[in-house]
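S.K.:
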Amino acid sequence: KKYTSHSELTDSRKGMDRAMTKGRKTTFEERFEIVKYCLENGRNYQQTAEQYQVSYAQVYGWIKKYDTNGAEALLDRRGRTKPEDELSEEEKLKRRIQQMDLENELLRADILFLKKLEEIERRS
2 KKYTSHSELT DSRKGMDRAM TKGRKTTFEE RFEIVKYCLE NGRNYQQTAE
52 QYQVSYAQVY GWIKKYDTNG AEALLDRRGR TKPEDELSEE EKLKRRIQQM
102 DLENELLRAD ILFLKKLEEI ERRS
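Using the working numbering, you'd call the opening residue of the sequence shown number 2 and step up by one each time.
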């Protein structure tokens, strides 16, 4: 009961009976998969967060980043990298291979996403 009016308190959660999921660490591939799932399901952030056991805020943030800067925005860029002139020839080649692998992965993901989108549009 409320202190002054002696009336019953009402539930103010407005249907939000689901427990909040704490965020967890994810890889680039997981984040991209989560973003794809969310976009394919009408930007249902809550359902996506529950499906992949991440927080609503993480899903919302990743979608926002993806909308503004594409898939590359989902990369984790924390930490200091060596300047180009401090790298040995082997390290430069390894870095170049990593960049090319990432670029290939992003292009493959874009192709799969576009194919899925075309399939959805054809069904409509």
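C-beta: ideal position from N, C-alpha, C; glycine also.
1) In terms of alpha-carbon separation, which member of 74, 93, 77 lies closest to residue 83?
2) Terminal residues of the continuous alpha helix (DSSP H) containing residue 105?
3) From the DSSP output, in three-state form, read off residue 54 for me.
4) Based on Cα-Cα distance, which residue from 43, 63, 106, 41 lies nearest to residue 24?
5) For residue 75, count the other beta carbons within 10 Å of its own beta carbon; 16 or more makes it buried, fewer makes it exposed. Which is it?
6) With DSSP collapsed to three states, give me the class of residue 70.
7) Take residue 59 and list the residues in its own chain whose beta-carbon comes closer than 6 angstroms to its own, dropping the five residues that flank it on each side.
M.R.: The structure says:
1) Here residue 83 is taken as the residue at index 82 of the sequence shown, counted from 1. It is 93 whose Cα lies nearest to the Cα of residue 83.
2) Locating residue 105 in the sequence shown gives position 104, counting from the first residue. From DSSP, the alpha helix (DSSP H) with residue 105 extends over 90-124.
3) What you label residue 54 is simply residue 53 of the sequence shown in a count that begins at 1. Looking at residue 54 - three-state DSSP - the assignment turns out to be coil, as it is neither helix nor strand.
4) What you label residue 24 is simply residue 23 of the sequence shown in a count that begins at 1. The shortest Cα separation from residue 24 among 43, 63, 106, 41 belongs to 63.
5) Taking the first residue of the sequence shown as 1, we reach residue 75 at position 74. Label assigned to residue 75: buried.
6) Looking up residue 70 in the sequence shown gives position 69. Residue 70 falls in the helix class under three-state DSSP.
7) Translated into positions along the sequence shown, residue 59 becomes position 58. Excluding residues within five positions, the ones whose Cβ falls inside 6 angstroms are 24.
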